[in-house]
Every structure is written in structure tokens, then in C-alpha cells.
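Number of protein chains: 2
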Amino acid sequence: MSTPVVRPPLADEVVARLRDAVTSGRWGVGEKIPSEPELVAEYKVSRGTLREAVKALAHAGLFEVLRGDGTYVRATSEISGTAQRVYREHLDEDVLQVRFALDTQAARLAAGSADTAVIAELRVLLEKRRESWVSGDYEAWSAADWEFHLLVAQASGNSLLHELYESFGDVFHGTKMVQRLEAGFDGALATGHEELLDAIEAGDGEAAVHTVIANLDYCMGWMPAK
Amino acid sequence: MSTPVVRPPLADEVVARLRDAVTSGRWGVGEKIPSEPELVAEYKVSRGTLREAVKALAHAGLFEVLRGDGTYVRATSEISGTAQRVYREHLDEDVLQVRFALDTQAARLAAGSADTAVIAELRVLLEKRRESWVSGDYEAWSAADWEFHLLVAQASGNSLLHELYESFGDVFHGTKMVQRLEAGFDGALATGHEELLDAIEAGDGEAAVHTVIANLDYCMGWMPAK
DNA sequence: TAAACATTAGACGTCTGATGTTTGTTACGG
DNA sequence: CCGTAACAAACATCAGACGTCTAATGTTTA
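Going down the list, the protein sequences come from chains A and G. For what it's worth, my numbering labels the leading residue of the first sequence as 15, then goes sequentially. For what it's worth, my numbering labels the leading residue of the second sequence as 15, then goes sequentially.
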């Protein structure tokens, strides 16, 4: 008749529903999602169709499928899995330069939308970061450092920037760990985080950008010779 | 035994082989890949397993599966499909700001690694871009404009930056088309591409960055009021 | 002759059922 | 208390079948 109803593949719809279940928080990160037979019953599709959808999202990094155990939620955004796979295919130097690009923009935007509450939170993180360094707790230092940078990205008010920046997480942490092992790296002083925060508080975007540039120059000095 | 042979899912291996077939150029972009029965015979797996792999890569943007027709190669990198899906979930303003971050870094790096051959190529593209504008061929203008930016990203020498920048392609083109429709947008003059190229040729990274900043400021003025 | 319609072969979409493998748990025996 | 064996749950894979869609080809008709 007159209804040339083009039916989109069922599997695509299942992908969307699974994605929604994650982003809506129905299944939190780390949780195990229902088993295949349960999802088959819920979505009224065959196992094959369901598995195609789960596989697609697993490949994207949203899920991790453990044979004989179950499927777990590993991320809330699809960018992380793909991004991490891509990052590993490039030189550390290239990855760092891209992070720098995002860092610079985050600093610039954060300076433009200064928020006293966020700034106070950033100061707390910076203090924690400093204390961790002097006490030799490198694990805590790395965590606080990353939280600081991530919060700056969030303070930019640009959700895409924040999401992209977050996707660098694991890769950057790995790189940082390597850097820490290099003798002579001073995690407390030469990275200019205090200056960055001051610039953000002052609303001086240009100054904020320059502190980030200085930071990169310092970091690049500790990059392994290619 | 000392060999706890953990066998990774067959589908994952198929994913890798399909990916290699694309990146190695065995199947070029736009080409149709062999049918499912043919691939089943080649990889010695069941159709269900093969489909899981194809679906995963299709979701990642590498393939496009057309029902009743076949499966076509749509990209050589997995980042594009995922990225484009993510971009659409964010404000145009946020996307533009991220592009600006990459643009700035590309300009800075390109200025640092000036190459006479590339610069000549960039001049050609810029000339084509200018001619297209005065002749009113907006299609060609948009294409030349994008090629110019993409070549700058490539000239940065950072393959990850180039890949990420390329992933913006479709989204940016769409945005640019909208901008063009806005009355008063001057594609030939106010975007400072000539100044950018001059700065790159002079090896002046700071100047290159400033032209990009000026460009963004101009573009942001034409953003639809949120 | 050319445009509109009908047919057909190939390709993807989905379902069903069965069997293999891996993992986590539990109960048993030492 | 501990190690091991048996069991159950969950994912992995396979094989076959049928439906539906697309593109190409063939046929009819104005």
C-alpha cells in the first residue's frame, strides 16, 4: 500500500536502548547487566540480534564481556573505548600535544567563566596534590593531579571538551606514571598549577594559556627520546 | 600446565582482521566488501560470529551496511564514526570550541615544521578557495576551505591531531554550510587564511595562533543564538 | 524508441535450536 | 581448614531456515 515503512534494523534499536539504559544510570559503571536470556526476554529479540548490539557497544568501550561470568558496564560514553584504542596507535608525543591543545582551550574557557565554588574546589585539590608529593604518596599525587585537570576541563563549561579530555584519562595516567619514574621530575613545583589557578581566578585567559604552555614545555623535556 | 591458554573471542579476531583489511587498503573507502557468505568461507567462522564483528565496526563508523545490497567501507579510522555520533550530542558552540583547540595546535605545530612543498600546496588551495568564492561556487569554496584546514593539520606532523581533525569533517562542513547561508558572511576576507599561511611560512607559531583566534572570534559571531 | 512496470537473483535481517567453553559456586572428603 | 570435584550459570559458536529489501534485468506499453 502507501506505507513504504522502512524498518530500521532491530539491532540498531537494541543498541540505542542499551545505550540509554547506561546513560540514564539504570546500570551504573562497574555493574553487571542482565544476562543475555533476560535481555532477550525484555527486548523481545533473538540472541543473535541482542549479541550484535552488545558486541557493538562492547567494541566501543561501553561494555566489557566476560565469558562465563557476564557483561559489565565500563563507561558511560562511547568515546573512551574508541579513543583509547586510537591513542595507543600514536606516539606519546603526539598524544601529549593533543592533550595540550585541549588543556589550553580548557584553561582559556575556565578563565572566562570563573566560578568561586569551583575555584575553591580546585584549591583543595591543589593542596592535596602538594601534600601528596611531599609525603611521597605518588599514587595520591597522580590522582589529585588528574582530578585537578579534569575539573578545569569541566569548569570550561564545554561538555564535549570535558568528555574528550576525560577519554584521555587512562592513557595520560600511564604517561604520568612513566614520567614520575624519571629521576629529577619535580611534580610539585615546575608544572605551574598554582599559577594556572591564579590566572583562572583572575579571569585572565591569556595568562592561563601561557601557564599551560610552560607546563607542556616542561613535560616534553621528560618525554622519551623518540 | 604452565600455559593457561586463554582463547579470546573469535569475533574479536575477526574484527581485527576486518580492520586490517581496511587499513591495509585491501578494501578502499567507498568499495563494497565481499558478501557475508564469502567472508564466512574466508574466515572459517559462522555467519553469526562474522555479523557480530561487522556490526561492531559498522557501529564504529568503519562500515555502512545496506540491507539487500551489501556492506561498504566508509572510513579508515574508527574514530570518525564514534566522534560524529558524540559531536551531534553537543552544542554547535562546544564543537566549534574544540575544533578551535585542535586548529590552534595544528597551526602552531605547522609553523614549527614549515615545509616549502606543503606551503606551495596550501597556496594553491587558498587560491582555489578565493576563486570559488568570487565565482559564487560555494560547493567548491567549502571543499577547498576544508582541504586547506585539513592540510594544515597534516602539516603539523602529528598524525593523531590530523586524524581527530579529520573526524570533524562532516560536522564542520554542515556547520559551515549553515554559516554560508547567513547573510553577510564573507568567506573570502574576514577569515584570515592568508595571514595564517604567511605565519606558517615565516615559522611564527605565535602569529599563526593569533590568526586562528581571530578566525574563531569571527565565526562565533555567526553562531546561532543558543 | 523510451518510459513504466514486472521479475529475479543476490544480500542483509532475524529467528530457532543445539552444543561447546569458561567461570563462579557449592558440597564433599581429607 | 583446605583442596577438589561436581554443578550451574553465562557467554561463544555453529548450522539451518525463512523473511525482506535492493539493484539489475527483462518485459510491456505508450
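Cβ coordinates follow ideal geometry from the N, Cα and C atoms, glycine included. Quantities reported herein were computed from a predicted structural model and do not represent experimental measurements.
By a C-beta neighbour count over all protein chains shown, 10 Å radius and 16 as the cutoff for buried, is residue i buried or exposed?
| i | result |
| --- | --- |
| residue 85/G | buried |
| residue 43/G | exposed |
| residue 34/A | exposed |
| residue 204/G | At residue 204/G the pLDDT is 49, less than 50, meaning the model places this residue with poor confidence; the figure from the coordinates comes in the next sentence. Its Cβ having fewer than 16 others within 10 Å, residue 204/G is exposed. |
| residue 211/A | buried |
| residue 53/A | buried |
| residue 113/G | buried |
| residue 71/A | buried |
| residue 14/G | No answer is possible for residue 14/G: it lies beyond the span of chain G, which begins at 15 and ends at 240. |
Can you pull the chain G neighbours of residue i, defined as C-beta to C-beta under 8 Å?
| i | result |
| --- | --- |
| residue 231/A | Here the premise fails: no neighbours, minimum Cβ distance about 12 Å. |
| residue 108/A | 172, 173, 174, 175 |
| residue 99/A | 92 |
| residue 112/A | 116, 119, 172, 174, 175, 178 |
| residue 25/A | 69 |
| residue 143/A | Within 8 Å Cβ-Cβ: nothing; residue 143/A doesn't reach chain G, min ~24 Å. |
Between residue i and residue j, how many whole angstroms is the CB-CB distance? I'm expecting something under 8 Å.
| i | j | result |
| --- | --- | --- |
| residue 88/A | residue 77/A | 6 Å |
| residue 141/A | residue 165/A | That belief does not hold up - the Cβ atoms of residue 141/A and residue 165/A are roughly 13 Å apart, past 8 Å. |
| residue 242/A | residue 226/A | A query on residue 242/A cannot be resolved here, the shown segment of chain A reaching from 15 to 240 and no further. |
| residue 60/A | residue 104/G | Their Cβ separation, rounded to whole angstroms, is 35 Å, which puts residue 60/A and residue 104/G out of contact at 8 Å. |
| residue 73/A | residue 224/G | That pair is no contact at about 41 Å. |
Output yes or no for whether 9 Å exceeds the beta carbon distance between residue i and residue j.
| i | j | result |
| --- | --- | --- |
| residue 50/G | residue 68/G | yes |
| residue 175/G | residue 119/A | no |
| residue 109/G | residue 182/G | yes |
| residue 116/G | residue 63/G | no |
| residue 230/G | residue 97/G | no |
| residue 171/G | residue 123/G | yes |
| residue 99/A | residue 92/G | yes |
| residue 169/A | residue 214/A | yes |
| residue 180/G | residue 167/G | yes |
Strictly below 9 Å CB to CB, what residues from chain A border residue i?
| i | result |
| --- | --- |
| residue 58/G | Result: empty, since nearest Cβ-Cβ is about 19 Å, beyond 9 Å. |
Between residue i and residue j, what straight-line distance do the alpha-carbon atoms span, to the nearest angstrom?
| i | j | result |
| --- | --- | --- |
| residue 30/A | residue 206/G | 42 Å |
| residue 56/G | residue 132/A | 57 Å |
| residue 222/G | residue 36/G | 35 Å |
| residue 209/A | residue 39/A | 37 Å |
| residue 156/A | residue 143/A | 8 Å |
| residue 32/A | residue 95/G | 18 Å |
| residue 216/A | residue 125/A | 7 Å |
| residue 81/A | residue 149/A | 42 Å |
| residue 83/A | residue 58/A | 23 Å |
| residue 137/G | residue 130/G | 11 Å |
| residue 21/A | residue 151/G | 38 Å |
| residue 28/A | residue 128/G | 49 Å |
| residue 106/G | residue 48/A | 36 Å |
| residue 90/A | residue 26/A | 18 Å |
| residue 41/A | residue 160/A | 26 Å |
Just the chain G side, please: which residues come within less than 7 Å of residue i by C-beta, in chain order?
| i | result |
| --- | --- |
| residue 62/A | 62 |
| residue 54/A | Under the 7 Å cutoff, chain G gives no residues; its nearest Cβ is about 14 Å from residue 54/A. |
| residue 65/A | 66 |
Please list, in chain order, the chain A residues whose beta carbon lies closer than 8 Å to that of residue i.
| i | result |
| --- | --- |
| residue 73/G | 29, 70, 71, 73, 74 |
| residue 123/G | 111 |
Could you tell me which chain A residues have their CB closer than 7 Å to the CB of residue i, listed as they occur along the chain?
| i | result |
| --- | --- |
| residue 104/G | 173, 174 |
| residue 96/G | 74, 92, 93, 96 |
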